[in-house]
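One structure is given here, and the rest of the page talks about it.
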Amino acid sequence: MPRLHVNIDHVATLRQARLSQEPDPVLAAGLCELAGANGITVHLREDRRHIQERDVRLLSQTVKTLLNLEMAWTPAMLDLACELKPQQVCVVPEQRQELTTEGGLDVEAYAETLPAGIERLQDAGIEVSLFVNPDPNAIEEAARCGADFVELHTGSYANARGQKRENELRRLETCAVYAHELGLRVNAGHGLDYENVLPVAQLPWIEELNIGYAIICRALYIGLDQAVREMQDRILAAAPPE
Ligand code: PXP
Numbered sequence: 001m002p003r004l005h006v007n008i009d010h011v012a013t014l015r016q017a018r019l020s021q022e023p024d025p026v027l028a029a030g031l032c033e034l035a036g037a038n039g040i041t042v043h044l045r046e047d048r049r050h051i052q053e054r055d056v057r058l059l060s061q062t063v064k065t066l067l068n069l070e071m072a073w074t075p076a077m078l079d080l081a082c083e084l085k086p087q088q089v090c091v092v093p094e095q096r097q098e099l100t101t102e103g104g105l106d107v108e109a110y111a112e113t114l115p116a117g118i119e120r121l122q123d124a125g126i127e128v129s130l131f132v133n134p135d136p137n138a139i140e141e142a143a144r145c146g147a148d149f150v151e152l153h154t155g156s157y158a159n160a161r162g163q164k165r166e167n168e169l170r171r172l173e174t175c176a177v178y179a180h181e182l183g184l185r186v187n188a189g190h191g192l193d194y195e196n197v198l199p200v201a202q203l204p205w206i207e208e209l210n211i212g213y214a215i216i217c218r219a220l221y222i223g224l225d226q227a228v229r230e231m232q233d234r235i236l237a238a239a240p241p242e
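Using my numbering, the first residue of the sequence shown is number 1, and each one after it goes up by one.
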């Protein structure tokens, strides 16, 4: 059964709407952990639209479970990650105009710099994940670059309906199995919510689910503690019966 990593970017989105101090993602991270989250995920974007460097610095000292830093593949982010040493880094593509991370990383495009950069992160004690579309070529490239994990982009699955969703799920399954065969560990995330999470949680080899938007939205109505617990309950339903 996969572990739940809560992405708290959108706590910071609300704070940045007023450029104030509330709500504080550092406090939110602690509440998520108290509610049973297995890890905290943040994306420090180049345009600093939500999470700020201050947040990552504090979270690297306060998160007690696991901190997963999503970042673009830039020299500045690589240096910062090596300095702050989150337990995990997930390399994502970044475009200024996008509302959220729209696709997986074009691993081939970074094939020259990824192997040495990944090794540098690993030497600093950081596990490295590459956020990829459920595409066998991207998975092969990730293995070739020496990544520890791939995170499979579940956005197409989440957006599809009916038979198309079923097809997307099979695509995720095939890629999870293939990644495992190539020696990669497997995470998944993007667009997962309370209604669509279970089939993904039941896929083979998936270790961690990164879920943000759905949890933070629900938290507005029922509180963060309950919203995290309800997502954990949905994921727990994937556990095989004793
Ligand atoms: N995984 C990655 C790599 C992401 O970029 C995001 C969005 O920041 C997520 C997971 C979480 O997506 P959502 O907020 O839709 O749950």
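From the three backbone atoms N, C-alpha and C, an ideal C-beta is built for every residue, glycine too. All of these numbers come straight from a predicted model, not from anything done at the bench.
I'd like to confirm something about Ile211: is its beta-carbon nearer than 7 Å to some heavy atom of the ligand PXP, or not? Here residue 211 refers to the residue found at position 211 when the sequence shown is read from its first residue. Yes, Cβ of Ile211 sits closer than 7 Å to a heavy atom of the ligand PXP.
Within 8 Å, strictly: CB atoms of Asn137 and Gly103: For the purposes of this step, residue 137 is identified with residue 137 of the sequence shown, where counting begins at 1. For the purposes of this step, residue 103 is identified with residue 103 of the sequence shown, where counting begins at 1. The Cβ-Cβ distance between Asn137 and Gly103 does not fall below 8 Å.
Do Ile139 and Leu169 have their CB atoms nearer than 8 Å? As a position in the sequence shown, residue 139 is number 139, starting the count at 1. As a position in the sequence shown, residue 169 is number 169, starting the count at 1. Contact: no.
Supposed contact pair His190 and His153 - C-beta distance, whole angstroms, cut 8 Å: Against the sequence shown, residue 153 aligns to sequence position 153. Against the sequence shown, residue 190 aligns to sequence position 190. Approximately 5 Å separates the beta-carbon atoms of His153 and His190; this is inside 8 Å, confirming the contact.
Scan the segment 190-216 and note each continuous beta strand (DSSP E) run of 3 residues or more that stays entirely inside, going in chain order. Complete beta strand (DSSP E) runs here, min 3: 206-211.
Quick check on the burial criterion: 16 or more other C-beta atoms within 10 angstroms. Buried or exposed for Gln39? Against the sequence shown, residue 39 aligns to sequence position 39. Rather than Gln, the amino acid found at residue 39 in this sequence is Gly. Buried, because 16 or more other Cβ atoms sit within 10 Å of the Cβ of Gly39.
Less than 8 Å between the C-beta atoms of Glu70 and Val56, yes or no? If you number the sequence shown from 1, residue 70 lands on position 70. If you number the sequence shown from 1, residue 56 lands on position 56. Remark: C-beta atoms of Glu70 and Val56 do not approach each other more closely than 8 Å.
Answer with buried or exposed for Gly162, where buried requires no fewer than 16 other C-beta atoms within 10 angstroms of its C-beta. If you number the sequence shown from 1, residue 162 lands on position 162. Its Cβ having fewer than 16 others within 10 Å, Gly162 is exposed.
DSSP three-state label for Glu102, please. If you number the sequence shown from 1, residue 102 lands on position 102. For Glu102, the secondary structure class from DSSP, reduced to helix, strand or coil, is coil.
Take Arg234 as the anchor and find which of Ala17, Thr13, Gly36, Arg165 has the nearest alpha-carbon. The residue given as residue 234 occupies position 234 in the sequence shown. Across the set Ala17, Thr13, Gly36, Arg165, the C-alpha of Gly36 shows the shortest separation from the C-alpha of Arg234.
Residues near Met77 by beta carbon distance below 6 Å, same chain, minus five either side: Residue mapping note: residue 77 aligns to position 77 of the sequence shown, counting from 1. If we look at Met77 and ignore the five residues flanking it on each side, its Cβ neighbours are Met71.
Using only the alpha-carbon positions, how far apart do Leu130 and Arg120 sit? Here residue 130 refers to the residue found at position 130 when the sequence shown is read from its first residue. Here residue 120 refers to the residue found at position 120 when the sequence shown is read from its first residue. Each residue's alpha carbon lies about 15 Å from the other.
How about the segment 193-210 and the segment 16-34: do they share at least three Cβ pairs that are nearer than 8 Å? Counting Cβ pairs under 8 Å, fewer than three are found: no touch.
Quick check on Cys32: buried or exposed, where buried means 16 or more other Cβ atoms within 10 Å of its Cβ? On the sequence shown, position 32 is the one that residue 32 refers to. Counting Cβ neighbours within 10 Å, Cys32 comes out buried, since at least 16 surround it.
So for His10, helix, strand or coil by DSSP? For this step, residue 10 is matched to residue 10 along the sequence shown. Per DSSP, reduced to three states, the secondary structure at His10 is helical.
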